[in-house]
Amino acid sequence: MIQGTASSVGKSIICAALCRIFKQDGYKVAPFKSQNMALNSFVTPEGGEIGRAQAVQAEAAGISPTVDMNPILLKPTSGSGCQVVVLGKVDKTISAGDYSVYAPSLLKTVMASLERLRNEYDIVVIEGAGSTAEINLKDREIVNMRIAKAAGSPVLLVGDIDKGGVFASLVGTLELLDEDERHYVKGFIINKFRGDAGLLKDANDFLEKRTGVPVLGVIPWFKNIRIAQEDSVYLDDRKETKTDNNLNITVIRLPHIANFDDFDPLEIEGYNISYITQSFEMGNPHLIIIPGTKSTVHDMEYLRATGIGNAILEKARGGIPVIGICGGYQLLGKKILDPLKVESDTTEVEGLGLLDAVTEFVAEKFTSQVTAICESGIGLLADMKGMEVSGYEIHMGQTSGKENAVFRVMPTPKNPAGYADGMINSKGTVFGTYNHGLFFNDNFRHALLNNLRRHWGLEESQNNGVSDKDREYDKLADIVRQNLDMAKVYEIMERGV
21 MIQGTASSVG KSIICAALCR IFKQDGYKVA PFKSQNMALN SFVTPEGGEI
71 GRAQAVQAEA AGISPTVDMN PILLKPTSGS GCQVVVLGKV DKTISAGDYS
121 VYAPSLLKTV MASLERLRNE YDIVVIEGAG STAEINLKDR EIVNMRIAKA
171 AGSPVLLVGD IDKGGVFASL VGTLELLDED ERHYVKGFII NKFRGDAGLL
221 KDANDFLEKR TGVPVLGVIP WFKNIRIAQE DSVYLDDRKE TKTDNNLNIT
271 VIRLPHIANF DDFDPLEIEG YNISYITQSF EMGNPHLIII PGTKSTVHDM
321 EYLRATGIGN AILEKARGGI PVIGICGGYQ LLGKKILDPL KVESDTTEVE
371 GLGLLDAVTE FVAEKFTSQV TAICESGIGL LADMKGMEVS GYEIHMGQTS
421 GKENAVFRVM PTPKNPAGYA DGMINSKGTV FGTYNHGLFF NDNFRHALLN
471 NLRRHWGLEE SQNNGVSDKD REYDKLADIV RQNLDMAKVY EIMERGV
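Residue numbers (this note's numbering): 21 to 517.
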């Protein structure tokens, strides 16, 4: 089990690396995180919703993700509440205080999922959450030491040296654990180090002498490996970089932004991507994208209050194309209705009105992997009619209107007749869709962006595709393998606790 001294110390990426290393070494391996709080999620082949990190870790392990890999997913809503997803399906929406009381009742479900994985795989790599020493949550947590003890799993504790104070964090975390819990911690991993790891030798020796726990590795800081991020904290640390590419794309960073990894292929291909939170940051991009959101109504109110909504309308009237994905698609319409108060206490709110569409929230969330055929062939989608794309849908709302459809989704188990998805305006400059993962389709992305170039009178580009995911996972595994004592890790696994 990989636990951390805090959030964002690199637990998820270390787990992904270990999944890849164990796969390379010939083991059948699966990831597991009992409870994940994230707005970036993924849909499994059977239609269940899990955290994006576990989907990435499964991909690194070379297997399809299942709901057992993340049986409890918490999706924060407005205020202090969250939507609780159990085994891939919405269970309830609950306040943070009420969830802390409810959580222990889910332990049986969590352990059943873990047991199924242990029966099927040689190795299960378990990820903890936040800090393992959150003393205010200790008596009711179901994701850190309670899981390690129930599973009988040794723990490797990860600290982030880039933040500073890593040695105090590691020692302090151990001090706050109960004596029997400390026994589970068999090694430290120091993550995100910039410089010569040899300079840490004396400090590492002191740490081992003080705690009796060895430092198994010092993982260097790296940034040139393209793996999907789970948390919008990544956007806080992300540096804006200008490239030689002559297309500038603005993504609206909504307060409840979800699945922003949709746009990773655009960054990988070298486009200038800016995430904005203020209207004055808009500038004059070649394209505006409104991403997914977990709280469409509240984020519509945010667009109005900040002036970003008016800025989008002004740019759209001036000919700048706009694309909305999932919640962003809903925001493009004329109205958003929530008669059942699924998302908020506001039952009706006006949208941006860039599409003649109305969204109404319903009680049941729709989650499915999809394959679709492009139905439109105008504007941004010129000459793309008949093109096939794949992706996934996660949404509570149903959208209807008078605009032409963007896609025809091929039959799924839930919709054996297929259905229309998305809408596009008469000029082909504004469209929305529920299809997450759209830009991962190389042919679609290339054709759309060349249509965008033609729209602005720019020279077309060649389709270079995006990075090969297997190559990226192998690069990650190489870095971790070179800097982590894997022989010792295997020894710890064999000995157990």
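A virtual CB, placed ideally from N, CA and C, is assigned to each residue, including glycine.
Measuring C-alpha to C-alpha distances from ALA78 to each of LYS43, ILE92, LEU94 identifies LYS43 as the nearest.
Under the three-pair Cβ rule at 8 Å, the stretch 297–311 does not count as touching the stretch 70–85. Closest in alpha carbon position to GLY452, among VAL378, PRO275, ILE92, is VAL378. Around the beta carbon of ASN266, fewer than 16 other beta carbons lie within 10 angstroms, which makes this residue exposed. Along the stretch 387–458, the beta strand (DSSP E) occurs as fully enclosed runs of 3 or more residues at 408–421, 427–429, 439–441, 450–453, listed in sequence order. A contact is defined here as three or more CB-CB pairs under 8 Å, and the stretch 305–312 fails this definition with respect to the stretch 86–97.
Assignment of beta strand (DSSP E) within the stretch 258–339, counting only whole runs of 3 or more residues, yields 268–272, 292–296, 307–310 in chain order. Rounded to the nearest angstrom, the gap between the Cα atoms of GLY344 and LEU333 is 13 Å.
The bridge partners DSSP lists for GLY207 are LEU176.
Per DSSP, the unbroken alpha helix (DSSP H) holding MET506 starts and ends at 506–515. Scanning ILE83, GLY371, PHE280, LEU286 for the CA closest to the CA of MET320 turns up GLY371. Within the stretch 123–157, the runs of beta strand (DSSP E) that reach at least 3 residues and sit entirely inside it are, in chain order, 143–146.
CA-to-CA, the gap between LYS405 and ILE167 works out to about 50 Å. Minimum Cα-Cα distance from GLY477 among the listed residues PHE226, GLY192, ILE340, GLY71 corresponds to ILE340.
The residue among VAL175, ASN279, GLU423 with its C-alpha nearest the C-alpha of THR449 is GLU423.
In the three-state DSSP reduction, MET89 falls in the helix class (H, G or I). Where SER61 is concerned, the enclosing beta strand (DSSP E) starts and stops at 61–63.
With a 10 Å radius around the Cβ and a threshold of 16 neighbouring Cβ atoms, VAL121 comes out exposed.
Put simply, the stretch 23–31 touches the stretch 183–194. At least three CB pairs are less than 8 Å apart. Boundaries around MET57 are those of the beta strand (DSSP E), 55–57, since no alpha helix (DSSP H) includes it. CA-CA distance, VAL390 to LEU401, rounds to 19 Å. Secondary structure at GLU370: strand, using DSSP grouped into helix, strand and coil. Its chain contains VAL238, PRO240, ASN503 as the residues whose beta carbon lies nearer than 8 Å to that of ALA217, once the 5 sequence neighbours on both sides are disregarded; these appear in chain order. Here VAL362 has PHE381, MET416 as same chain residues with Cβ atoms under 6 Å from its own Cβ, once five neighbours each way along the sequence are excluded. A check of alpha carbon separations from GLU195 across LEU227, GLY67, LEU93, MET407 identifies LEU227 as the nearest. Per DSSP, LYS183 lies in no beta strand (DSSP E) and is assigned neither H nor E. Per the coordinates, the alpha-carbon of PRO275 lies some 24 Å from the alpha-carbon of PHE460. The beta carbon of VAL144 lies closer than 6 Å to those of ALA50, PHE52, LEU137, ARG138 in the same chain, with the five residues before and after it left out. Only buried fits ASP358, as 16 or more other CB atoms lie within 10 angstroms of its CB.
Under the three-state reduction of DSSP, LEU357 is assigned to strand.
For PHE242, no alpha helix (DSSP H) run applies, since DSSP gives it neither H nor E.
The continuous beta strand (DSSP E) containing ALA50 extends over residues 49–52. Excluding the 5 residues flanking it on each side, VAL130 has same chain C-beta neighbours closer than 8 Å at SER54, GLN55, PRO91, ILE92, ILE162, ILE167, in chain order. THR316 counts as buried, since at least 16 other C-beta atoms from the protein chains shown sit within 10 angstroms of its C-beta. In the three-state scheme derived from DSSP, where H, G and I count as helix and E and B as strand, SER120 is classed as helix. For GLN77, the enclosing alpha helix (DSSP H) begins and ends at 72–81.
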